[in-house]
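Structure, as structure tokens:
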Ligand code: HEC
Ligand code: HEC
Ligand code: HEC
Ligand code: HEC
Ligand code: HEC
Ligand code: HEC
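Numbering (the numbering used here), first residue to last: 1 to 392.
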């Protein structure tokens, strides 16, 4: 079908009603716009809309040709979406497809956790099979997840600062998932082989740009001392199960996460799984200095050389880690802090904030010592982001 027909005929009205037009070229390269694996809601597909067509997500009057395609009912939704954009942690427009079953014809194949896709751990029970499951840990299942209601109340429609102290804001009312993704741009990077130029993420401070697709937006460009963890069961490295370990194939996730988590922004969490909730999330700095917080030893802090190290971290030099080396971006079967179920080839179990959890994380993954002379009270008394007593 011609591009003009494909985009314009069904969407003339939509484009007139909505403020910013979506670029056709970018959209057709996006995962949702793909004519081979893009959006295809069964009910709209039956009405003749081709795979990738905007109509699989947007409906002009909640009705096409006199009938309302499934799901029917409800009021006209914001942004002319076929369903409410965001209702709760487990009811979200995106979950209408990004779950098992759902409205996408044939379901969605690439829908799994970070440890599975980019760490290679396919052990049964260690990963989430769908994005909806990844977010269900905060309430419906054991584990921990980023809490979307707080994205709505603390991030969208607010002015926040990025790690350089520069203000940014996103419109109130957009989907909380779209703080980190742009549904019109996100590409599929894990369509074997892994392809870093096809990034799925956008930084909240730069919503209309994909993040990590350009070489200047990778870990290696920001940190010359980055070394990616091993791939599960191998001495190949994340995220591509290859020998590349310098982060030249990895989006700079530190920059993504520190758009929100830095020394400036106060984020109040009501996440039921956050230890001590409700409370403000700790501020942190991945840099060498920051006013008001203690910079992290796992960040850029000069001279904080890793001690009692496991391979591949044995060079004895300073190193800077990446947030997703330890954390899942969406959620994890581990009960606290979205800690990954496996890191650097080791299975990790953090059930609570007591010593065995931290020992599982610190000693299985990266350090070789089982106890150390500072082992008094719980590890969590001393080791946390911004921790002053021994740092983190
Ligand atoms: C009509 C069904 C549908 C809806 C609704 C939907 N998606 Fe998707 N999404 C897909 C399909 C199909 C793909 C490509 C599947 C694949 O890669 O196997 C995809 C891919 C993606 C990707 C790229 C990553 C990848 O591995 O392909 C991201 C990111 C994404 N979706 C986020 C979202 C967000 C955020 C929302 C809500 C704003 C959303 N999706 C709503 C069907 C949908
Ligand atoms: C995967 C579902 C999905 C598909 C497919 C999709 N959109 Fe959207 N669109 C959204 C969501 C969700 C929003 C609401 C803003 C948000 O939450 O990010 C939105 C918002 C918009 C907006 C409002 C401005 C903006 O960018 O926020 C326009 C205009 C738009 N879409 C046009 C289109 C057009 C044209 C197409 C096809 C070329 C299309 N959309 C395909 C999900 C989709
Ligand atoms: C805090 C930022 C953040 C939020 C919020 C977020 N994501 Fe993601 N998402 C990521 C990161 C980081 C990745 C993994 C990196 C990548 O794929 O490049 C990812 C990956 C994905 C993928 C691709 C998974 C795959 O198998 O490749 C999909 C689909 C997706 N997210 C959908 C969603 C949906 C739906 C929501 C809301 C319910 C959401 N995301 C909220 C950061 C986020
Ligand atoms: C768009 C802003 C935003 C971005 C980007 C973001 N977060 Fe968050 N994060 C939040 C909000 C809001 C909360 C508070 C709600 C909650 O507790 O989940 C939070 C909470 C957290 C928590 C505590 C949750 C718990 O239960 O322990 C962790 C851990 C976390 N984020 C890690 C990350 C990581 C890692 C990244 C990058 C992959 C990231 N965040 C990117 C907004 C963001
Ligand atoms: C070495 C593993 C590791 C790395 C790397 C790491 N974290 Fe964490 N993170 C943890 C642990 C352990 C906790 C729980 C202790 C704490 O609260 O600091 C945690 C907690 C958090 C919390 C919740 C803080 C609170 O108020 O309880 C946020 C937010 C967070 N991390 C964000 C990040 C971001 C952003 C990055 C990258 C800049 C990052 N983390 C890198 C291990 C890590
Ligand atoms: C009273 C505070 C305190 C407690 C409690 C504590 N640590 Fe430490 N930890 C430190 C200090 C201080 C260092 C040295 C930091 C440095 O050299 O920069 C350290 C270093 C480490 C290191 C680096 C390697 C090494 O052995 O020197 C690891 C790993 C570590 N701690 C893990 C743990 C674990 C796991 C627990 C709980 C069983 C724990 N710590 C309890 C303060 C503490």
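Note that beta-carbon positions come from the ideal geometry of N, C-alpha and C, so glycine has one too.
Please read all numbers here as calculations on a predicted model, not as lab measurements.
State yes or no: is the C-beta of residue i within less than 9 Å of the C-beta of residue j?
i, j, result
"residue 181", "residue 130", "no"
"residue 127", "residue 145", "no"
"residue 240", "residue 311", "no"
"residue 135", "residue 92", "yes"
"residue 58", "residue 37", "no"
"residue 309", "residue 367", "yes"
"residue 172", "residue 151", "no"
"residue 175", "residue 32", "no"
"residue 213", "residue 198", "yes"
"residue 388", "residue 294", "yes"
"residue 218", "residue 256", "no"
"residue 230", "residue 321", "no"
"residue 339", "residue 319", "no"
"residue 113", "residue 330", "yes"
"residue 211", "residue 220", "no"
"residue 228", "residue 147", "no"
Could you compute how far the alpha carbon of residue i sits from the alpha carbon of residue j?
i, j, result
"residue 208", "residue 185", "8 Å"
"residue 373", "residue 379", "12 Å"
"residue 301", "residue 132", "36 Å"
"residue 237", "residue 119", "8 Å"
"residue 385", "residue 235", "29 Å"
"residue 224", "residue 51", "42 Å"
"residue 189", "residue 29", "12 Å"
"residue 363", "residue 325", "15 Å"
"residue 149", "residue 280", "15 Å"
"residue 232", "residue 95", "28 Å"
"residue 191", "residue 381", "42 Å"
"residue 253", "residue 376", "33 Å"
"residue 88", "residue 273", "15 Å"
"residue 248", "residue 292", "32 Å"
"residue 328", "residue 138", "13 Å"
"residue 277", "residue 70", "38 Å"
"residue 245", "residue 82", "43 Å"
"residue 344", "residue 298", "15 Å"
"residue 55", "residue 49", "7 Å"
"residue 53", "residue 22", "13 Å"
"residue 317", "residue 25", "44 Å"
"residue 332", "residue 39", "26 Å"
"residue 392", "residue 283", "13 Å"
"residue 140", "residue 111", "19 Å"
"residue 267", "residue 206", "20 Å"
"residue 271", "residue 194", "33 Å"
"residue 342", "residue 68", "45 Å"
"residue 313", "residue 84", "47 Å"
"residue 285", "residue 264", "9 Å"
"residue 289", "residue 125", "40 Å"
"residue 275", "residue 35", "44 Å"
"residue 170", "residue 200", "18 Å"
"residue 360", "residue 335", "13 Å"
"residue 121", "residue 242", "15 Å"
When DSSP builds the beta bridges, which residues end up paired with residue i?
i, result
"residue 339", "327"
"residue 104", "41"
"residue 169", "159"
"residue 280", "268"
"residue 218", "251"
"residue 98", "For residue 98, which the question treats as bridged, DSSP gives no partner whatsoever."
"residue 309", "367"
"residue 92", "86"
"residue 58", "81"
"residue 318", "305"
"residue 237", "230, 242"
"residue 346", "343"
"residue 199", "Looking at the DSSP assignment, residue 199 forms no beta bridge with any residue, so it has no partner."
"residue 285", "According to DSSP, residue 285 bridges with nothing at all."
"residue 145", "331"
CB of residue i to nearest heavy atom of ligand 8: below 8 Å?
i, result
"residue 271", "In the structure shown, ligand 8 is absent; the only ligands present are ligand 1, ligand 2, ligand 3, ligand 4, ligand 5 and ligand 6."
Distance cutoff 9 Å, beta carbons only. Does residue i sit that close to anything in chain C?
i, result
"residue 364", "Absent here is chain C; the protein component of the structure consists of one chain."
Legend entry - Contact between the stretch 347–355 and the stretch 162–170 (3+ Cβ pairs under 8 Å): no
Legend entry - Pocket of ligand 1 (residues with CB nearer than 6 Å to any heavy atom), chain order: 31, 32, 37, 38, 39, 41, 56, 57, 93, 94, 96, 97, 98, 103, 104, 108, 109, 110, 175, 177, 178, 181, 183, 186, 188, 190, 200
Inset, instruction - Indicate whether the contact test is met: 3 or more Cβ pairs, each with one atom in the stretch 146–155 and one in the stretch 251–269, closer than 8 Å. - result: When Cβ pairs closer than 8 Å are counted between the two stretches, the stretch 146–155 is seen to touch the stretch 251–269, the count reaching three or more.
Inset, instruction - Flag this pair as touching only if the stretch 101–108 and the stretch 39–48 have three or more C-beta atom pairs under 8 Å; answer yes or no. - result: When Cβ pairs closer than 8 Å are counted between the two stretches, the stretch 101–108 is seen to touch the stretch 39–48, the count reaching three or more.
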